[in-house]
Amino acid sequence: MLWEGDVLTVYAMCAPVLLICRKFSPTLLICLGCVLYLTPAIINWYLLSTIEPTGFRMIWDNSYLENSSADVELAGLGMVYELFARALGMMFIGMGLYSNGKLVNIGSVNQILSRSIALLIIGILLSGIGLVWTYLNDFSTAAIIEGNLANTVGTIPVALGYVGLLIWWNERTKSFILKRVQALGKTALSNYIGQTVVCLSLAAVIPQEWLSRSIVFLLIIVIWWLQLFVSEQWLKRYKFGPIEYLWRCVTYRRIMPFIVQ
1 MLWEGDVLTV
11 YAMCAPVLLI
21 CRKFSPTLLI
31 CLGCVLYLTP
41 AIINWYLLST
51 IEPTGFRMIW
61 DNSYLENSSA
71 DVELAGLGMV
81 YELFARALGM
91 MFIGMGLYSN
101 GKLVNIGSVN
111 QILSRSIALL
121 IIGILLSGIG
131 LVWTYLNDFS
141 TAAIIEGNLA
151 NTVGTIPVAL
161 GYVGLLIWWN
171 ERTKSFILKR
181 VQALGKTALS
191 NYIGQTVVCL
201 SLAAVIPQEW
211 LSRSIVFLLI
221 IVIWWLQLFV
231 SEQWLKRYKF
241 GPIEYLWRCV
251 TYRRIMPFIV
261 Q
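Mapping to my numbering: the sequence shown position 19 is 19, numbers consecutive.
Okay, here's the thing in structure tokens:
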């Protein structure tokens, strides 16, 4: 873990479970994934009827954490469970769809596009309902939790819609930007680690008051464009990203070919 809150920590926690369950049937994986993913939001929605509004406000503004270290540990455990359940649930859904061929045996390009747009519309509508409900109720804690349930359900079709759009884009005539995005995907872990190191280094040397939202946004754009360029140039010389190469060597327990002949 390179920084507190690194999502790779959650992914590492999911890995042993994924290995154990990798041979489950696609239907079982998808069902388990949906249950796991939706459980935290449903629990929060259920708790609305059992916890007084004052208690929810204390949870929302973290004032209850001042009471004891046990509260802090309990809150941390709850957050870890929610992150773990959501991440593992989405991974199960992805594994199930990949296993039954839904992410591999694609139809025509037009079918991919129409289905992706339909999924995005459904997901955005659900998320929009949650947002509007929260806004109409003046962002009360209860409304935020109720709205989050709609947003959580809407996230699944939105994610699948984005996957479909990427597949549709990949099936079209190759362009220079698509080739760079493909290279970026092939070196995704190396790029993630790289941008983490760069951003942590910048945060250590640049005064915090200089890092306005606009400056941070510009840094994001610069880092993204650098990664698009560097990833493509790297794969012209090497078969894998540096972290991906080490991972393959450890996985297959032998030195893999690295340099492009």
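Where is the CB? At the ideal position from N, CA and C, for every residue including glycine.
When Ile156, Gly161, Leu126, Val205 are compared, the shortest CA-CA separation from Glu146 is found for Leu126. With contacts defined as CB atoms closer than 8 Å, Gly94 and Tyr37 fail to qualify as a contacting pair.
Across the structure, Asn137 and Gly128 are spaced so that their CA atoms are roughly 14 Å apart. With distances taken between CA atoms, Leu19 lies nearest to Met91 out of Ser49, Met91, Tyr81, Arg86. Membership of Asn110 in the alpha helix (DSSP H) is indicated by the continuous run 109 to 136. By the Cβ-count criterion, Trp210 is exposed, with fewer than 16 other Cβ atoms from all chains shown falling within 10 Å of its own Cβ. By the 16-neighbour rule on beta-carbons within 10 angstroms, Trp168 is buried. Between Thr173 and Glu244, the CB-CB gap reaches or exceeds 8 Å. The beta carbons of Pro242 and Ser201 sit no closer together than 8 Å. Within the DSSP secondary-structure output, Ile259 pairs in a beta bridge with Tyr238. For Asn100, the three-state secondary structure derived from DSSP is coil. Collapsing the DSSP output to three states places Lys186 in a helix. When secondary structure is reduced to three states using DSSP, Thr39 falls in the helix class. Taken through DSSP and simplified to helix, strand or coil, Phe24 comes out as coil.
Sixteen is the threshold: since fewer than 16 other Cβ atoms of the shown chains lie within 10 Å of the Cβ of Val132, the residue is exposed.
When secondary structure is reduced to three states using DSSP, Thr173 falls in the coil class, being assigned neither helix nor strand. Of Ala159, Leu149, Lys236, the smallest CA-CA separation from Ile43 is found for Leu149. Here Gly194 carries a helix assignment [DSSP, helix/strand/coil].
Looking at Val198, Asn151, Leu166, Ser99, the one whose alpha-carbon comes closest to that of Ile117 is Leu166. Rounded to the nearest angstrom, the Cβ distance from Val158 to Ile124 is 7 Å, consistent with a contact under 8 Å.
Ranked by how close their Cα comes to the Cα of Ser175, the residues Thr141, Leu97, Glu232, Ser214 have Glu232 in first place. DSSP, read as helix, strand or coil, puts Pro207 in coil. Here the alpha carbons of Tyr252 and Gln261 stand approximately 21 Å from one another.
The Cβ atoms of Phe229 and Phe240 lie no closer than 8 Å to each other.
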